[in-house]
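One structure below.
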Amino acid sequence: MLDISLAALAAQVFTGLVLGMLFVLLAIGLSLIFGLMTVVNFSHGALYMLGAYFGFTLLALTGSFSVALVLAPLLVGTLGLLIERFLIRRLYGRSPDDPLLLTFGLSLVIVETVRLIWGKIGLTLDPPRALAGAVNLGFTYFPTYRLFVIAITALALVGLWLFLEKTNVGLVIRAGSRDPLMVRALGFDVGRIWFLVFGIGTGLAGLAGILAGPMRGAYADMGVTIIIESFVVVVVGGMGSLAGAVVSGLLIGQVVSLTTFFAPKLTEIVVFITMAIILLLRPSGLFGEAGLAE
Amino acid sequence: MHRRTFLTSATAAAATLAFPGVLRAQNPVRIGMPLPLTGPFAALAKDMQQGAVLAADELNGKSGILGRKVEVLFRDDQLKPQVGAQRTQELIEKEQCQFIVGGLAAHVQMAINEQTKKAKVLYVSTSQSDEISAKPDTSPITFHEALNPTITSRTVGKWVMENLGKKWWIVYADYAWGKQNNAVLTEINKKMGGTILGSTPYPLGSAEFSAHLPKIQAAKPEVLMSVTPGADNIAFLKQVGSFGMRSQMKVAQPLLWIAYLKEGGAELYDGIYGGINWYWELQDSIPTAKKFVEASMKKFNMPPGDYGAYSYSGVLEVARGSELAKSTDAAKVADALRKSPQYDHFKGKQWWRACDNKSFQDMWIVKGRGPAQVKGEWGLAEIVAKVPANEELDRTCAEKGLA
Chain A
0 MLDISLAALA
10 AQVFTGLVLG
20 MLFVLLAIGL
30 SLIFGLMTVV
40 NFSHGALYML
50 GAYFGFTLLA
60 LTGSFSVALV
70 LAPLLVGTLG
80 LLIERFLIRR
90 LYGRSPDDPL
100 LLTFGLSLVI
110 VETVRLIWGK
120 IGLTLDPPRA
130 LAGAVNLGFT
140 YFPTYRLFVI
150 AITALALVGL
160 WLFLEKTNVG
170 LVIRAGSRDP
180 LMVRALGFDV
190 GRIWFLVFGI
200 GTGLAGLAGI
210 LAGPMRGAYA
220 DMGVTIIIES
230 FVVVVVGGMG
240 SLAGAVVSGL
250 LIGQVVSLTT
260 FFAPKLTEIV
270 VFITMAIILL
280 LRPSGLFGEA
290 GLAE
Chain B
0 MHRRTFLTSA
10 TAAAATLAFP
20 GVLRAQNPVR
30 IGMPLPLTGP
40 FAALAKDMQQ
50 GAVLAADELN
60 GKSGILGRKV
70 EVLFRDDQLK
80 PQVGAQRTQE
90 LIEKEQCQFI
100 VGGLAAHVQM
110 AINEQTKKAK
120 VLYVSTSQSD
130 EISAKPDTSP
140 ITFHEALNPT
150 ITSRTVGKWV
160 MENLGKKWWI
170 VYADYAWGKQ
180 NNAVLTEINK
190 KMGGTILGST
200 PYPLGSAEFS
210 AHLPKIQAAK
220 PEVLMSVTPG
230 ADNIAFLKQV
240 GSFGMRSQMK
250 VAQPLLWIAY
260 LKEGGAELYD
270 GIYGGINWYW
280 ELQDSIPTAK
290 KFVEASMKKF
300 NMPPGDYGAY
310 SYSGVLEVAR
320 GSELAKSTDA
330 AKVADALRKS
340 PQYDHFKGKQ
350 WWRACDNKSF
360 QDMWIVKGRG
370 PAQVKGEWGL
380 AEIVAKVPAN
390 EELDRTCAEK
400 GLA
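These protein sequence lines are chains A and B, in that order.
Yeah, the first sequence ends on 293 if you go by numbering that gives the first Met the number 0, and it's all consecutive.
Yeah, the second sequence ends on 402 if you go by numbering that gives the first Met the number 0, and it's all consecutive.
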């Protein structure tokens, strides 16, 4: 058996941080959409995948990773806006199962369309040259690109936080997630807020997709596993809670990473064990308010 | 429905079931091919599809099989055993396929084999698997064209011990093929006095390996044994590279696949060692390889890959057996193949071992060339060693429970 050195453990924690960051980006979009619209967006994984594919094509067209990194999430977000406007909007006021079925079907359509356009074989995305190597952190070598992912995600989260806390639109969004009826009574068009929120949430999924591309490659069913893990993150954090999505995303990232270190056989199942334990202790999740999901 | 119409159609249906040969005699010979056309093995499945098309074209350019046209039908098994079983059943019952060739992932191939055994249809497996030619899975009408983990891992393992280093870490996909390779690699390493510093399973189809890597890096193995098939291979090598481990240790694999070398690129595979059943540059020394490469360049504008070669050969063997037996009956074709076991479709002499229907064949060890040395678009690897076909590299039929 191997000695567990502190350095190896520290490296493991860093690795888990990157995994967690992707969970956070996906879960925060899911949670935002659910909290405000009580829509469980099953197409989130497919949109994450689209982020990587758009990124690939934009990179091929422009030759610039930064351009792709900005445009791919915007494109995915725009697609999200169209999905809300033309599909989901028709289902408001109906049972929450209806949008769930719709978005599930939509995810199948998106995956097959991607296979038709880009082919059945996966694509390889290269990180920009400047980020290709590894950095010596003192205790370990760590991929430069992964540090970049941590930085970009942190930046996006701070931006989102400032938007929600410091702007008027953000204020209305937060109010809308607490009590949509009251917000409407005060004269705000809740429909427009939902539209915007769906765009932001799906755009974040697109960002996660293009960030994941250079690490994992792009392939049509890349969203299938991660979307389930992201739902777990949302449930663990508390449905609809943004702080919960961040904390639980980072937590699940560490749980996965450390389990891989100590007991690789359990990696696949540990996410669900964590969820079961947390739900036993706190039935509405870490930061959840009771009754929101009903 | 009228009682009379019902009776007529029921009788007709019963007759079809009882004498399928009568109907089939007017029809082409159909070969069914379940493959993982979508998912992490898509690139290999495409290669296999092309190999089978080339074989069918070649046969139809002559007199087909027994004067009948040859059709190959492809179905997506989605890398799932239950889907593979269902597609196979449809190919046999609905599409009236006389033969099944193919299967790529070992666990799906076992499910295909269950169906062909039940329907008494001859099956040529092109998947790397130890079980398929051993009890209880094998049968008199189950043939195995591909290499298997025992042969490849013994061969590559021995070569790596002698040439690259004795302290290993193994990372393997946690399913039939991966586990078999891990077991054989561990065995040969121990037998030759090496050390296994660690052995890590991961779920097949995973694209995230980073959590495994710091531990391996800290353990400082001389050789990292990568048992990561399909698209996993690219993700794994990329992440190993991004952690700066490529300069710290050698990387070797029981198998390398040209389709993934092409997809991942020369830089990614620079200096990676691996076993291979066939590589198109063998055309320089093997006449049948040259013919095969030329046909593929003409039709697809690319040389065939290693797995395309398996399916090409598998289809041609089914045809050779049918001609020898003058029948497409599974038992007769199987007997004919065992009676005249030698063939050479693409890589020099191969033969079926009578006791387990396993094909024995040469294999090679190759190394990724790297961007500066690449020859043309497809010259991505160079051959570093040839390992001649040898029945002793596999388990004996007694060890497989077949004596």
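Beta carbons are placed, not taken as given, at the ideal position from N, Cα and C, and that holds for glycine.
Review point. For Val52 of chain B, which residues of its own chain have a beta-carbon under 8 Å away from its beta-carbon, when the five flanking residues on both sides are left out?
Key: Val71 and Lys298
Review point. Just to confirm, are Val234 of chain A and Thr152 of chain A a CB contact at a threshold of 8 Å?
Key: no
Check your understanding: At least one CB of chain B closer than 8 Å to the CB of Arg215 of chain A: is that the case?
Key -> yes
Point to revise | Residues within the segment 280-304 of chain B neighbouring chain A, beta-carbon criterion of under 9 Å | key: none
Point to revise | Ile116 of chain A at chain B interface by Cβ criterion, 8 Å | key: no
Review point. Tell me, which residues are paired with Lys45 of chain B by DSSP?
Key: DSSP, once it has assigned bridges, lists no residue as partnering Lys45 of chain B.
Review point. Going straight from the alpha carbon of Phe291 of chain B to that of Leu74 of chain A, what length do you get?
Key: 45 Å
**Study point:** Under 7 Å by beta carbon: chain A residues contacting Pro432 of chain B
**Key:** Since the first residue of chain B shown is 0 and the last is 402, residue 432 of chain B is not available in this structure.
**Study point:** Own chain residues within Cβ distance below 7 Å of Pro302 of chain B, not counting five before or after
**Key:** Trp279, Val292, Ser295, Met296 and Trp377
Review point. When the Cα atoms are used, what is the spatial distance from His106 of chain B to Trp176 of chain B?
Key: 8 Å
Exercise for review: Under the assumption that Asp355 of chain B contacts Leu401 of chain B (Cβ atoms under 8 Å), give the Cβ distance between them as a whole number of angstroms.
Suggested key: 5 Å
Review point. Can you pull the DSSP bridge partners for Tyr171 of chain B?
Key: B:Pro200 and B:Val226
Exercise for review: Have a look at Leu34 of chain B and Ile140 of chain B and give me their C-alpha separation to the nearest angstrom.
Suggested key: 20 Å
**Study point:** Contact check, Val66 of chain A vs Leu78 of chain A, beta carbons under 8 Å
**Key:** no
**Study point:** Minimum Cβ-Cβ distance from Thr14 of chain A to chain B less than 8 Å
**Key:** yes
Review point. Got a sec, what are the start and stop residues for the beta strand (DSSP E) Arg29 of chain B sits in?
Key: Val28 to Leu34
Review point. Ordered along the chain, which non-local residues of its own chain (more than five positions away) have a Cβ less than 7 Å from that of Asp173 of chain B?
Key: Pro200, Tyr201, Pro202 and Leu203
Check your understanding: Quick one: what does DSSP say Asn135 of chain A is sitting in, helix, strand or coil?
Key -> strand
**Study point:** Inter-residue spacing [alpha-carbon to alpha-carbon] between Val196 of chain A and Met48 of chain A
**Key:** 20 Å
Check your understanding: Is Leu185 of chain A helix, strand or coil by DSSP?
Key -> coil
Point to revise | Closest by C-alpha distance to Leu78 of chain B, when choosing among B:Gly369, B:Pro228, B:Gly60 and B:Glu266 | key: B:Pro228
Check your understanding: Among A:Ala71, A:Ala244 and A:Ile227, which one has its Cα closest to the Cα of Ala26 of chain A?
Key -> A:Ala244
Check your understanding: According to the neighbour-count rule (16 or more other Cβ atoms, all chains shown, within 10 Å of its Cβ), is Ile276 of chain A buried or exposed?
Key -> exposed
Point to revise | N- and C-terminal bounds of the alpha helix (DSSP H) containing Ser65 of chain A | key: Phe64 to Phe85
Review point. Taking the alpha carbon of Arg128 of chain A as the point to measure from, which residue in A:Pro213, A:Thr258, A:Val223 and A:Gly34 has its own alpha carbon closest?
Key: A:Pro213
Exercise for review: Flag this pair as yes or no: are the beta carbons of Tyr144 of chain A and Pro126 of chain A separated by less than 8 Å?
Suggested key: yes
Review point. Are the beta-carbon atoms of Ala353 of chain B and Pro340 of chain B separated by less than 8 Å?
Key: yes
Check your understanding: Curious, which full-length alpha helix (DSSP H) runs of at least 4 residues does the segment 96-134 of chain B contain?
Key -> 105-118
Point to revise | Sub-8 Å separation of Thr87 of chain B and Gly31 of chain B beta-carbons | key: yes
Practice item. Can you pull the chain A residues whose beta carbon is under 8 Å from the beta carbon of Lys45 of chain B, in chain order? Key: Lys119 and Ile120
Review point. Should Val157 of chain A go down as buried or exposed, given a rule of 16 or more other Cβ atoms within 10 Å for buried?
Key: exposed
Point to revise | Cβ neighbours of Trp277 of chain B in the same chain (closer than 6 Å, five flanking residues each side left out) | key: Asp305, Ala308 and Lys346
Practice item. Starting from the beta carbon of Lys214 of chain B, find every residue of chain A whose beta carbon is closer than 8 Å, and list them in chain order. Key: Leu1, Ala7, Gln11 and Phe260
Practice item. Measure the alpha-carbon distance for Gly316 of chain A versus Gly208 of chain A and round it to whole angstroms. Key: Nothing can be reported for residue 316 of chain A: it is not among the residues displayed for chain A, which extend from 0 to 293.
Review point. Are the segment 109-122 of chain A and the segment 157-172 of chain A touching, with three or more C-beta to C-beta distances below 8 Å?
Key: no
Check your understanding: How big is the Cα-Cα spacing for Leu260 of chain B and Glu266 of chain B?
Key -> 9 Å
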